[in-house]
Structure formats: structure tokens, C-alpha cells
Amino acid sequence: GESVGLHLPTLSVQEGDNSIINCAYSNSASDYFIWYKQESGKGPQFIIDIRSNMDKRQGQRVTVLLNKTVKHLSLQIAATQPGDSAVYFCAENYNQGGKLIFGQGTELSVKP
Amino acid sequence: ETGVTQTPRHLVMGMTNKKSLKCEQHLGHNAMYWYKQSAKKPLELMFVYSLEERVENNSVPSRFSPECPNSSHLFLHLHTLQPEDSALYLCASSLGASGAYEQYFGPGTRLTVT
Numbered sequence: 001g002e003s004v005g006l007h008l009p010t011l012s013v014q015e016g017d018n019s020i021i022n023c024a025y026s027n028s029a030s031d032y033f034i035w036y037k038q039e040s041g042k043g044p045q046f047i048i049d050i051r052s053n054m055d056k057r058q059g060q061r062v063t064v065l066l067n068k069t070v071k072h073l074s075l076q077i078a079a080t081q082p083g084d085s086a087v088y089f090c091a092e093n094y095n096q097g098g099k100l101i102f103g104q105g106t107e108l109s110v111k112p
Numbered sequence: 001e002t003g004v005t006q007t008p009r010h011l012v013m014g015m016t017n018k019k020s021l022k023c024e025q026h027l028g029h030n031a032m033y034w035y036k037q038s039a040k041k042p043l044e045l046m047f048v049y050s051l052e053e054r055v056e057n058n059s060v061p062s063r064f065s066p067e068c069p070n071s072s073h074l075f076l077h078l079h080t081l082q083p084e085d086s087a088l089y090l091c092a093s094s095l096g097a098s099g100a101y102e103q104y105f106g107p108g109t110r111l112t113v114t
């Protein structure tokens, strides 16, 4: 079936470095994508979203890139901080309506 | 914290118990969701409500029974659960149920079935 997956289950970066978290999606008809951050003991928190008519969107310290040709989504975090340590999920709007499909998540660990 | 609250935050229940999870959203949204989050697995959608009407039931066993009395409140009634039902149960809400809106999540209820 259709699914959203992440290339790496864990990612460790040095404080101050940039982080890149990747996501592959399989449904070429998906038109809306979201990145969520989930800290330990909390629910997922919205970070940034992007629609399929765009290939890049920037927020505060975060950038999402969408490559529809290879069905790839990435989240870039600039100047990673210890507070960025969490599990990051991507989600796609499956078949243009009805529900979001979530990936497994990548655990980001920031070393001081 | 988001505008979505869940109670209780932790629940331990035996397989013969009956309990309910509660979710409340203060965002004026029209759609509410229940998800199950197990370790090392993606979020699993269980139920979707739009304007208090259930629009999706994702092949969830009948021992889970949702209730949406109004657009701000969502319940998940539990009975005769199995140990494999132990997980984090997350409630979310969004403006609409089309999947084209970001979903706001509550902190979850950590459920342990003994």
C-alpha cells in the first residue's frame, strides 16, 4: 500500500551544525506535506508544511524541500540546538483528501 | 502546549475493565481524530469525525468505541482490551477533515493494558 517513509531512523548532529532529515513518499498524487516534531512525552507539534505547487518553503530556522520528480521531502534545520532533539515525522495528504499518512519518524539527537 | 487537551495522561487498566479517554479542542475546529502510536511504528489513524459525524473508521476493533457529542469533544471508550492495545493514544483536530489542513495534536494518553 501507499506509505511515507524516512531514510534514517536516527540522526546525531553537533550543536550549531545544520540537520537534514529526509522522507520518501510513494503517492505521486499527494499534494500536501507536513513535518511534525515530537518531543518525549508530548504529542506531535506542527513545524512546517508545503503544497505540491511549491518546491521550497522556509520558516524560522527550518526549510522544507519538495522534489516531486523523485518523490522526496526533506527538512533542514539551521544551527541545530539541543532543544531540537526530538522525533521528526513527515506526513502526506494521501490521494488529495481524507487523511494524512505518517512516516515512521527520525530521531534527532543534538550533541553539545 | 497546543489547544488540544487529553485526559487522563496515563491509564493502566485490566483486560476486563471499561474506561474512557477524553479529548477537548479549544481551536474552533470542525474535525477531530484518534490515532494510535506504538513504539517504532508510524501513527495509525483510528477514527475521523467531521462536524460530529464519523467519516472514517480505519478497521478498528469494536473494543474501541468513539463518541463525538459536539465539535469540541471526542471520547474513546475502551472495553475488554488486549495487552497489544497498550500504546500512546493521540487526539488531533483540524479546520476540516479533507487532509489539506494541518492537524493539531494533544499530548496523548499513555495506555497500559495488564
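Taken in sequence, the protein lines are chains A and B.
For what it's worth, my numbering labels the leading residue of the first sequence as 1, then goes sequentially.
For what it's worth, my numbering labels the leading residue of the second sequence as 1, then goes sequentially.
The beta-carbon is built from N, C-alpha and C at its ideal position, and this holds for glycine as well.
Taking a cut-off of 8 Å for Cβ pairs, the stretch 88 to 107 of chain A and the stretch 1 to 18 of chain B do not touch, as fewer than three such pairs fall below it. Bridge partners of A:Asp31 according to DSSP: none are assigned.
Taking the Cβ atoms as the reference, A:Ile21 lies roughly 7 Å from A:Ser74, within the contact range of under 8 Å. Interface with chain B (8 Å Cβ-Cβ cutoff): A:Tyr32 is included.
The secondary-structure analysis by DSSP pairs B:Leu74 across a beta bridge with B:Cys23. Residue-level contact by beta carbon fails for B:Leu51 and chain A, as no gap is shorter than 8 Å.
Secondary structure at B:Glu56: strand, using DSSP grouped into helix, strand and coil. Residues of chain B with a Cβ closer than 7 Å to the Cβ of A:Asn93 are, in chain order, Gly99, Ala100. For A:Lys42, the neighbours in chain B by C-beta distance under 7 Å run, in chain order, Pro107.
The beta carbon of A:Glu15 lies closer than 8 Å to those of Thr80, Gln81, Pro82, Val110, Lys111, Pro112 in the same chain, with the five residues before and after it left out.
Put simply, the CB of B:Leu76 is far from chain A, with every gap to its CB atoms at 8 Å or more.
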